[in-house]
Structures are given as structure tokens and as C-alpha cells.
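Novice: Mind having a look at this structure? Questions to follow.
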Amino acid sequence: MTPTRFIDLNADAGESFGAWTLGDDAALFPLLSSVNVACGFHAGDPRTIQATIALAASHGVGIGAHPSYPDLAGFGRRVLEATPEQVYADVLYQVSAVSGMARAAGTALRHVKAHGALSTRAWTHAPTAHAIAQATRDADPALPLVVLPATHLETEARALGVPVVLETFPERAYLRDGRLAPRSMPGSSIHDPQEAARRAVTMVTQGHVEAIDGGVFECRPDTLCIHGDNPNAVEIARAIRDALAGVGVGVRPFAVP
0 MTPTRFIDLN ADAGESFGAW TLGDDAALFP LLSSVNVACG FHAGDPRTIQ ATIALAASHG
60 VGIGAHPSYP DLAGFGRRVL EATPEQVYAD VLYQVSAVSG MARAAGTALR HVKAHGALST
120 RAWTHAPTAH AIAQATRDAD PALPLVVLPA THLETEARAL GVPVVLETFP ERAYLRDGRL
180 APRSMPGSSI HDPQEAARRA VTMVTQGHVE AIDGGVFECR PDTLCIHGDN PNAVEIARAI
240 RDALAGVGVG VRPFAVP
């Protein structure tokens, strides 16, 4: 079926450190249109960032920075006590590093997306959200920020004039208020490729997702995210692409707002 509309498909990438490797970037990248590169604070190191950028560029995949709390031990999933000033400096540092390495590789940084606990903190804590949005704007006013809809991060980014890309997660469960279900909640992660694909089609074509606590959350995503650390990430990405193609939706990088 010839596509009549398009959606971006992204995943977190470069989440390795030294001999430790998470996910299969080489198998996943050909199925994506954008990637979020770990910046060294929750995973990744300079050589990993360099290699991830090169792999993304070779597949024509849009490159994003994926800043986090400085939490290698906790993979960036622990909320750390950090002032807005510290969050601002940490995000600016990480985005600037990946941007510089992309430029050295003959390509360019295309977006920013906060990782893990830093992102979830920014959903409900306006000062953290403001710091992330300000750092993104100061790194490059044209850089879009990928955000979960109906959060402080969306609000603060729009208030600062930062371009916003709305994201949903077909392989994570939602609460009815639009937040992702905590990973401690049974059923919070979806490992069945066909179920993830069904949810992706519903998000894109019907503009909502079923909530694990009842009801639905209305959403109009610009991009769909697959977690690279999902053990079925490659199969999920393939199933999503096939299901979207079946309803006339193609996959390509999002247009900068």
C-alpha cells in the first residue's frame, strides 16, 4: 500500500559502556528513522557515541541527544536531587558533546530527548522541565525537544519557543492522565510485537491509547518510541513498520516544527 501519511519511529541507542552492551543497534537502526544517543551520563562513552553516530549516519537515521541524570549505576532511572541550575548545566553539557561529535562526523544533531528519571521528573516538576528546555534552546534554538504530551516539559518548551515533537510509546503501558505506567507496575512493559504494533496503529490512526488504569489517553504523536533495552525491540520495530504500512502509514524522520 502506498503511504498516505507518515510517522517517525525512534529508539534509544548507544546505551553501552566499555565491554557492557545493551540492545542491538546494528539490527535495530535499519528499521528506524530517528535515534536518541546516550550522552555518557546514564550509558555510553566517547567511543560509543562516535560509533553510534557513524552507524546512524550510514543508515540515514536522524540523530538526537539523550541526556540524563549522572547515574551510570542506576542507568539514569533514579531521581537524583539536582537543582534546576545543575540540570541546566548537565543537559547543556551532554547535548553540546553529542552535537560536536556529530558535526565532526560530517552530520548534525537533529533533536533532544531527555532520558529516564530526568524525563519523568520533568513531566510533573516545572523547574526541571524549564531547565531542560532552556538548555536545549541555548544549545541551538532550532533544536526540537521530543516530549510526552500534556506534561510540564511540553508546556515549558512551548513557552520558551523550543520546537516540540510529541512522542508516544507503543510498548509501554499508560495511565489515564497520560503518564507512562511505573515500571514497578505489572504490565507496564509490552513485549509482544503484535500487541505493540496494534497499539502503534491505534495511536497514529485513532489518536488515543488504552490506559492500564481504565479509559483512554488522547494523543496525536509525531514520533513513536521503542526502548532499545526491550529484549524484543527488533521484532517490535519490524511488526510496527509492517502494521503501519498495512494501513497506509510510512516511516520517515519527523519534520522540524
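Numbering that gives the first Met the number 0 numbers the first residue of the sequence shown as 0 and each following residue consecutively. No residue lacks a Cβ here, since even glycine has one placed at the ideal position from N, Cα and C.
1. Under DSSP, the beta strand (DSSP E) around histidine 65 begins and ends at which residues?
2. How long is the line joining the alpha carbons of alanine 64 and valine 233, rounded to whole angstroms?
3. Could you tell me whether the stretch 201–213 touches the stretch 114–134, where touching means 3 or more Cβ pairs closer than 8 Å?
4. Going by beta carbon distance, what residues of the same chain come within less than 6 Å of proline 209, once the five residues before and after it are set aside?
5. Look at the alpha carbon of asparagine 229 and the alpha carbon of alanine 134, and state the distance between them as a whole number of angstroms.
6. From valine 90 to serine 67, what does the alpha carbon distance come to, in whole angstroms?
7. Considering just the uninterrupted stretch of the alpha helix (DSSP H) at histidine 151, what are its terminal residues?
8. Please determine, among Pro252, Glu194, His114, the residue with the shortest C-alpha to C-alpha distance to arginine 237.
9. How many angstroms separate the CA atom of arginine 178 from the CA atom of glycine 160?
10. Among the residues of its own chain, which have a CB less than 6 Å from the CB of arginine 77, if the five just before and after it don't count?
11. Pick from Ile239, Asn231, Thr150, Cys224: whose alpha carbon is nearest that of phenylalanine 253?
12. Using DSSP with H/G/I as helix, E/B as strand and the rest coil, what is threonine 222?
13. To the nearest angstrom, how far is it from the Cα of asparagine 231 to the Cα of proline 192?
14. Three-state secondary structure (DSSP) at isoleucine 211?
15. Go ahead and label valine 255 buried or exposed: buried means 16 or more other beta carbons lie within 10 angstroms of its beta carbon, across all protein chains shown.
16. Could you tell me which residues DSSP puts in a beta bridge with glutamate 80?
17. Please give me, in chain order, every unbroken run of the alpha helix (DSSP H) with length at least 4 that falls completely inside the stretch 87–129.
18. Going by C-alpha distance, which of Phe168, Val200, Ala196 is nearest serine 187?
19. If you compare alpha carbons, which of Glu153, Glu80, Asp44, Glu170 is closest to lysine 264?
20. Output needed for leucine 31: all residues of its chain with C-beta closer than 7 Å, excluding positions within five of it in sequence on either side, in chain order.
21. With DSSP collapsed to three states, give me the class of valine 255.
22. Please confirm whether alanine 132 and alanine 156 have their CB atoms less than 8 Å apart.
Specialist: Here's the rundown:
1. 61–65
2. 21 Å
3. no
4. In the sequence under discussion, the amino acid at residue 209 is glutamate, which differs from the proline named in the question. Around glutamate 209: Val215.
5. 29 Å
6. 7 Å
7. 151–158
8. Glu194
9. 23 Å
10. Asp70, Ala116
11. Cys224
12. strand
13. 7 Å
14. coil
15. exposed
16. In DSSP, glutamate 80 forms no bridge with anything.
17. 115–123
18. Phe168
19. The structure shown does not extend to residue 264, since the chain spans only 0 to 256, so no value can be given for it.
20. Leu8, Asn9, Ala10, Val60, Ala236
21. coil
22. yes
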